[in-house]
Each structure stands twice: as structure tokens, then as C-alpha cells.
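The sequence shown maps to residues 2 to 370 in our numbering. Okay, structure first, notes after.
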Amino acid sequence: MMNYIREPSYYDDLYDLLTVQECLRAESLSALDSEPEGKLPEQKIKKIWQKVGNDLYLYYKKGERYQNKSKVIADWKLRDEQLQDIYDHTLVPRLPYCNLCNGILKVIDKNLIDYDDKKPHLEFMVECQNCNKKSEVNEDGSFRVRKPKRCIKCSSEVTTTYSRTKQVITTTYSCSACGYAESDTLDLSADDSEYKKRQAEDRVLLDKYRSKYCLSEKEGQDFVRDTLQIEISTKHFKELAEKKADPSYQVAQSIKKSSIVEIETLINKSLDHTGYTNLSLDKPEIDRYVIVPFTILESKIERSEWDSKHDLQKLLIKTLEPTNWRLMSAGISYRMGYLSGKLKAYETTDDLMKMVKQGKNLDETNENS
Numbered sequence: 002m003m004n005y006i007r008e009p010s011y012y013d014d015l016y017d018l019l020t021v022q023e024c025l026r027a028e029s030l031s032a033l034d035s036e037p038e039g040k041l042p043e044q045k046i047k048k049i050w051q052k053v054g055n056d057l058y059l060y061y062k063k064g065e066r067y068q069n070k071s072k073v074i075a076d077w078k079l080r081d082e083q084l085q086d087i088y089d090h091t092l093v094p095r096l097p098y099c100n101l102c103n104g105i106l107k108v109i110d111k112n113l114i115d116y117d118d119k120k121p122h123l124e125f126m127v128e129c130q131n132c133n134k135k136s137e138v139n140e141d142g143s144f145r146v147r148k149p150k151r152c153i154k155c156s157s158e159v160t161t162t163y164s165r166t167k168q169v170i171t172t173t174y175s176c177s178a179c180g181y182a183e184s185d186t187l188d189l190s191a192d193d194s195e196y197k198k199r200q201a202e203d204r205v206l207l208d209k210y211r212s213k214y215c216l217s218e219k220e221g222q223d224f225v226r227d228t229l230q231i232e233i234s235t236k237h238f239k240e241l242a243e244k245k246a247d248p249s250y251q252v253a254q255s256i257k258k259s260s261i262v263e264i265e266t267l268i269n270k271s272l273d274h275t276g277y278t279n280l281s282l283d284k285p286e287i288d289r290y291v292i293v294p295f296t297i298l299e300s301k302i303e304r305s306e307w308d309s310k311h312d313l314q315k316l317l318i319k320t321l322e323p324t325n326w327r328l329m330s331a332g333i334s335y336r337m338g339y340l341s342g343k344l345k346a347y348e349t350t351d352d353l354m355k356m357v358k359q360g361k362n363l364d365e366t367n368e369n370s
């Protein structure tokens with residue numbers, strides 16, 4: 002019975018061990034690349050900047066490993082769960098008959114094949130109940146066909162035999178054509194001791210450097226917050242630089258921001274000797290923009306309705322041009338000598354740039370857009 006699903010601590014330790022190894026490699030490469038500190042001031046400064054650069058790289062490397070940890074471990078766990086499911090629930094196929102004596106086969110073991118270039122699948126070890134020949138059967142019930150090993154002397158197919166003495170497995174390849182033979186040995190006890198030795202070394206490495214290279218939850222969250230703030234600030238300064246490079250920005254900065262009282266005074270002054278009187282400003286609508294309804298009386302009885310609206314609109318557009326106020330796109334309404342409309346104020350730099358880029362005398366945006 003194979004268990005592919007591990008304890009949570011296994012995945013956590015494995016990820017942190019890889020983090021430690023990666024950071025140690027980065028530090029060793031930085032040490033190789035750095036130059037010895039010289040006596041001249043510029044050499045000392047260069048050395049300082051090298052250290053700053055190396056420390057900064059390591060800081061982001063540790064933060065990157067923290068950010069990716071949850072996802073990577075989740076992927077590992079999911080992969081192991083999938084392997085466990087394949088191992089536990091893949092059904093034994095309908096077995097063929099022995100290809101040597103046509104006897105009945107029985108399953109004696111199964112092995113999960115998980116190569117990087119192949120889909121994970123099971124292979125079943127089978128044994129003939131008649132001649133005891135062992136073979137491998139695929140999930141579809143076909144015999145596994147191995148590429149035959151060839152003699153290094155004459156290229157003929159060789160016969161492979163296995164023998165085991167305690168923890169040593171010997172594989173012998175014999176060529177019946179030329180008589181050449183060779184053997185390989187596998188000492189399982191040596192492999193096991195090497196594995197245990199490597200595990201012990203990894204544990205020492207992890208215990209020694211984990212706190213240095215693996216961020217705690219608080220340190221990790223601080224890193225995420227700080228890097229996010231840096232990204233936001235970088236984006237802000239980039240947008241500000243682009244904005245300042247825009248010609249409309251300089252124009253927007255030069256526009257006088259007039260208050261409602263100043264605009265009322267300016268318009269009243271422009272109405273002198275025009276036949277328009279009694280400017281009255283209504284209660285302003287204050288939202289994203291300040292919008293002020295207004296009324297004016299027409300005192301020239303002989304002036305037609307069309308001329309009255311057209312002349313007033315032309316007058317207001319000219320009067321408001323150097324300010325941050327605009328006559329709204331609905332223009333001027335006329336009823337029985339009463340003219341009315343709405344004025345809109347732009348206050349922020351972005352809105353003023355938008356006003357400049359419109360390049361038109363009437364505001365064409367929605368009242369609250």
C-alpha cells in the first residue's frame with residue numbers, strides 16, 4: 002500500500018527548505034560577484050551599493066517565496082491526492098493469458114508510473130499460476146513491452162537475470178550470441194543510508210536558516226503591504242509625470258479658479274451696456290461638480306428670441322473663457338424675456354485638463370460625470 006498524501010508539515014518543510022537553498026545560492030553568487038573593498042572613496046561607495054543591491058534582491062526573493070508558498074503547496078497536495086486516487090481506485094483490467102505457457106495470470110503488485118512526460122498511470126505486476134513467469138500489464142490489459150537491451154559487443158539481444166543477497170540486488174546481462182556478460186549491483190542499504198544522511202543534512206540546514214530566509218506570517222504580510230504601497234506610489238508618480246508632460250496640464254495650471262461670487266461679479270460687469278440685466282444665481286447643485294442655475298432679463302424689447310439667446314451665449318462663452326467655469330451644453334433657454342441656463346465649475350487638475358482638451362466653448366459632459 003502506497004501513501005502519496007503526506008502530513009501538512011512535510012509540504013511546509015519541503016517548501017521552506019527549497020527557499021533556504023535558493024536564498025543561499027543567491028547569497029553565494031552575490032559574494033562571488035562582489036569586488037573587494039578598495040581604499041579610494043569611490044571604491045568604498047561602490048562596495049556599499051553592491052551590498053544594498055544584494056540585500057534588496059534577497060529581500061524581494063524572500064517576499065516572492067512567501068507570496069507563492071500557499072499556491073505551490075496547494076498544487077503539491079492536489080497532485081498527491083490525484084496520484085493517491087489513481088493508485089487506490091484504478092480497476093484491475095481483464096488480464097491476458099501468459100505469453101509463455103498460456104496459463105492464468107494473477108496480480109501480485111502494482112506500481113504507479115509518474116514520469117514528467119507521461120500521464121500518471123498504473124502498471125500491474127502479474128505472475129503466471131502455471132509457470133510462475135512474472136510480467137507487467139498496462140491499465141488496458143496489454144503486456145508492457147520493454148525495449149530489449151542490446152549487447153555492447155555484437156548488438157544482439159541479451160538475457161537479463163536478477164539475484165538478491167540480503168540488501169544487494171545483482172542484475173546480469175548475458176549475450177548468447179558472443180558470450181559477453183556484464184552485471185550491475187544495487188546496494189539498498191547504501192542507498193538507504195545515503196538517503197537518511199541527506200535528510201539529516203537538510204534538517205540541519207532548515208533549522209539553521211529557516212528564521213533568516215523564510216518570512217513569518219507577520220513579516221510576509223508586512224512585505225505584501227509594503228510592496229503594494231510601492232506599486233501604488235510608483236504608478237501614481239508615473240501617471241503624474243505623464244500628466245505633467247501633457248501640454249494641457251500646463252494650460253490647466255494657469256487657469257484661474259474663480260469662486261461663485263467672483264463669477265457673479267465678472268458676469269455682471271460683462272452685461273453692462275448689452276441690454277441684459279438682473280443676473281440672478283440660484284442655489285448651487287453640489288456633487289462632483291458645482292453647477293449653478295442662473296436667470297437674466299432681456300431689456301431690449303426689439304431683440305428677437307433667437308438673437309437674444311445667441312448673443313447672451315456668445316457673451317457668456319467669451320466672459321468665462323479664462324476661468325474654470327463653462328456654460329453647460331443645454332445653452333440658453335428663453336421664455337417671455339426671461340433667459341436661463343446653467344454654469345458648471347471645474348476644480349481638480351484632471352477636470353481642468355479634460356476641459357482644456359475638449360477645446361470647445363460649451364461643456365458637453367453630464368452634470369455629474
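C-beta atoms are modelled at their ideal positions from N, C-alpha and C, and glycine is treated no differently.
By alpha-carbon distance to residue 272, the top candidate from 260, 252 and 296 is 296. A check of alpha carbon separations from residue 169 across 29, 350 and 193 identifies 193 as the nearest. The DSSP assignment places 182-188 as complete runs of the beta strand (DSSP E) inside the stretch 172-245, in order along the chain (cut-off: 3 residues). Residue 127 is positioned such that its CB atom lies closer than 9 Å to that of residue 135. A Cβ-Cβ distance of about 6 Å is found for the pair residue 18 and residue 203, placing them in contact under the 8 Å criterion.
Distance check between residue 336 and each of 111, 306, 327 and 96 places 306 closest, using alpha-carbon atoms only.
Within the same chain, Cβ atoms closer than 6 Å to the Cβ of residue 347 are found at 325, 353 and 356, the five residues on either side in sequence being excluded. Residue pairing for residue 335: DSSP places it in a beta bridge opposite 340. CA-to-CA, the gap between residue 130 and residue 111 works out to about 17 Å. In terms of Cβ geometry, residue 88 and residue 5 form a close pair [threshold 9 Å]. A check of alpha carbon separations from residue 182 across 349, 212 and 172 identifies 172 as the nearest. A contact between stretches requires three or more CB pairs, one per stretch, nearer than 8 Å, and the stretch 87-102 fails this requirement with the stretch 249-263. The beta carbon of residue 132 lies closer than 8 Å to those of 99, 101, 102 and 104 in the same chain, with the five residues before and after it left out. For residue 358, same chain residues with a beta-carbon under 8 Å away, outside a window of 5 residues either side, are 249 in chain order. Separation of residue 277 and residue 314 (C-alpha to C-alpha, rounded to the nearest whole angstrom) is 12 Å.
DSSP, reduced to helix, strand and coil, places residue 24 within a helical segment of the structure shown. Around the Cβ of residue 215, a 10 Å sphere holds 16 or more other Cβ atoms; the residue is buried.
In summary, residue 66 is buried, with 16 or more beta-carbon neighbours lying within 10 Å of its beta-carbon over all protein chains present.
Contact between residue 96 and residue 115 fails: their C-beta atoms lie close to 23 Å from each other, not under 8 Å.
Under the criterion of beta carbons closer than 8 Å, residue 211 and residue 21 qualify as touching, at roughly 6 Å. Going by C-alpha positions, residue 221 is about 20 Å away from residue 76.
In the three-state reduction of the DSSP assignment, residue 309 falls in the helix class. Here residue 153 is not bridged, per DSSP, to any residue.
In this structure, residue 7 sits near residue 81, with a CB-CB distance shorter than 9 Å. Secondary structure at residue 121: coil, using DSSP grouped into helix, strand and coil. As the crow flies, the alpha-carbon of residue 217 is around 30 Å from that of residue 48. The C-beta of residue 148 has fewer than 16 other C-beta atoms within 10 Å across all chains shown, which makes the residue exposed. Per DSSP, residue 280 is one residue of the beta strand (DSSP E) stretching across 277-282. Distance from residue 74 to residue 13 at the Cβ level is roughly 7 Å; contact confirmed, criterion being Cβ atoms closer than 8 Å.
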